[in-house]
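Have a look at the structure below, then the notes.
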Amino acid sequence: MRALQIFAFSLLCAALLFVFSIIDGVVKFAFSLGAIYVGILFFKRYETRGPRIAFVLITILFYFIYSVFYALYLAIQQQQAAV
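Written out as structure tokens, the structure is:
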């Protein structure tokens, strides 16, 4: 159960950081604050080092996965527009 919670928190935090990185304007900072809030909630819930390290590493991994899929999506969109 604990692993599933770490996975869910990481997935949410990575999604918020990803949206923060692709949106322009002032609204993007709401997503940044959301990611900070999720991180604070997680760090309050788990006070030992192991889950905290796992949370940070998995969040970074998911952020890069989101970025790769978004880059692939943009490449496909540009490929279809060129045809």
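Under the working numbering, the first residue of the sequence shown carries the number 11, and numbering increases by one thereafter.
Yeah, the Cβ is synthetic: ideal placement off N, Cα and C, and Gly gets one too.
Here the structure is a predicted model, which means the values were calculated and not measured.
When DSSP labels each residue in this structure, what does residue i get in the three-state scheme?
{"i": "Y76", "result": "helix"}
{"i": "Y83", "result": "helix"}
Out of the options, which one is the CA nearest neighbour of residue i?
{"i": "L14", "options": "I68, I75 and Q90", "result": "I68"}
{"i": "V78", "options": "R59, S31 and V36", "result": "S31"}
{"i": "K12", "options": "Q87, L43, Q88 and E57", "result": "One detail in the question is off: residue 12 reads as Arg in this sequence, not Lys. Taking only the C-alpha atoms, the option nearest R12 is E57."}
Note down, in chain order, each residue of its chain lying with its Cβ closer than 8 Å to the Cβ of residue i, except the 5 sequence neighbours on either side.
{"i": "I46", "result": "none"}
Can you grab the Cα-Cα spacing for the pair residue i / residue j, in whole Å?
{"i": "R55", "j": "A91", "result": "47 Å"}
{"i": "V93", "j": "A64", "result": "44 Å"}
{"i": "K38", "j": "G44", "result": "10 Å"}
Would you grab the beta carbon distance between residue i and residue j for me? Rounded to a whole angstrom, and I think it's under 8 Å.
{"i": "Y83", "j": "F28", "result": "Actually they do not touch by this definition, with Cβ atoms about 12 Å apart."}
Apart from the five residues on each side of it in sequence, which residues of its chain come closer than 7 Å, Cβ to Cβ, to residue i?
{"i": "L21", "result": "F72"}
{"i": "A24", "result": "T69, F72, Y73 and Y76"}
{"i": "V48", "result": "F19, L22, C23 and L26"}
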